[in-house]
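Worksheet: one structure, shown below.
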């Protein structure tokens, strides 16, 4: 399963963002993860559940359905706070880099209010564009440092074996960079790696970062009066990136208010359901939150994790079932499991994800919505409901 890493300098609201993302909307008993370390948590990707479209009441096992929205658990890493020079070991640099290896994509949390400097200390009118630049540079230099270690020896080996992709894959092992990523990154480079200069290797590091560690910019503290101009600057400066205005503090406040039974959320809005628990100060806070939601449409927090999976990582949601007519598993659970898979995943790939033997003995699959037989190479679509037919016992 793909993992999202939250990155950013100290005091930008990264911990609040982590808590807002991983605050449980409802208990899910059957997590698809075994050990969650202290800096890891369960967040939720949300997607419209097919239950409404089909007119059925689902009872999920590996996820949760609330008002027709499926909450699919995913792993989120709270990457250690970083400062410029992290790749040289400054701050918690080594911890940052260790966490970095595990993540498939990042949500870069910046302080859109401009009230924290490069080290995370209080200041005025700091430009968050600088935060993005230095983080990108840290990742580039980290990959570059790994690439250039014993480079002459590696280049000769690649030349002899006539397989630069294999040599680079070994050199970058542990960084979650695939052979396909490497092939794309070296496409326009000289066929002879011995001729690659330090500048070539730095450009390669930059390409590998863009391809293998895609990033969303969360312009946090967007409710601050100074944030709007900084959000525009971020969008202007980083046109190739998704920039999302966020308020992790507001999201966390809403989740906790709902958990306490004070409010009921309705999409990107909410209503107070227990007036007895609301004092004057809370009412002012709720009015402030309403104004923010009216301006931006949402707190941006859920949008960050959804777009990280669906846009950056090109994932879709599919539902495997055993009975294509009732959309159930063998226990009679309706739409029991929601799987996040890459676009391009085939019916046979899905069979392997469920169980190796199911893939090995795959015969065909059935598209349960259209009630038609599909072959091994059928590419799954978002919200497909699929029955696998296999010779496996």
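In this note's numbering, the protein residues as written are 1 to 393. Beta carbons: idealized from backbone N, C-alpha and C, even for Gly.
Here residue 225 carries a coil assignment [DSSP, helix/strand/coil].
Secondary structure of residue 189 (DSSP, three-state): coil. Sixteen is the threshold: when 16 or more other Cβ atoms of the shown chains lie within 10 Å of the Cβ of residue 324, as they do, the residue is buried. Bridge pairing for residue 106: 5, 215 [DSSP]. Going by beta carbons, residue 104 and residue 114 fall outside the 8 Å limit. For residue 359, no beta strand (DSSP E) encloses it; the enclosing alpha helix (DSSP H) starts and ends at 356-360. Where residue 178 is concerned, there is no enclosing beta strand (DSSP E), because DSSP gives it neither an H nor an E. DSSP, read as helix, strand or coil, puts residue 250 in helix. With a threshold of 16 other beta carbon atoms within 10 Å, residue 391 falls short and is exposed. Rounded to whole angstroms, the separation of the alpha carbons of residue 289 and residue 123 is 25 Å. Distances from the alpha-carbon of residue 173 to those of 163, 355, 143 put 143 closest.
According to the DSSP secondary-structure assignment, residue 365 is paired through a beta bridge with 374, 388. A Cβ-Cβ distance of about 18 Å is found for the pair residue 285 and residue 246, leaving them out of contact under the 8 Å criterion. For residue 12, the three-state secondary structure derived from DSSP is coil. Of the other Cβ atoms in all chains shown, fewer than 16 fall within 10 Å of the Cβ of residue 281; this residue is therefore exposed.
Comparing C-alpha distances from residue 228 to each of 72, 352, 274, 296 shows the shortest one belongs to 296. In the DSSP secondary-structure assignment, residue 111 is bridged to 220.
Its chain contains 167 as the residues whose beta carbon lies nearer than 7 Å to that of residue 157, once the 5 sequence neighbours on both sides are disregarded; these appear in chain order. The continuous beta strand (DSSP E) containing residue 46 extends over residues 40-48. Between residue 45 and residue 230, the gap from beta carbon to beta carbon reaches 8 Å or more.
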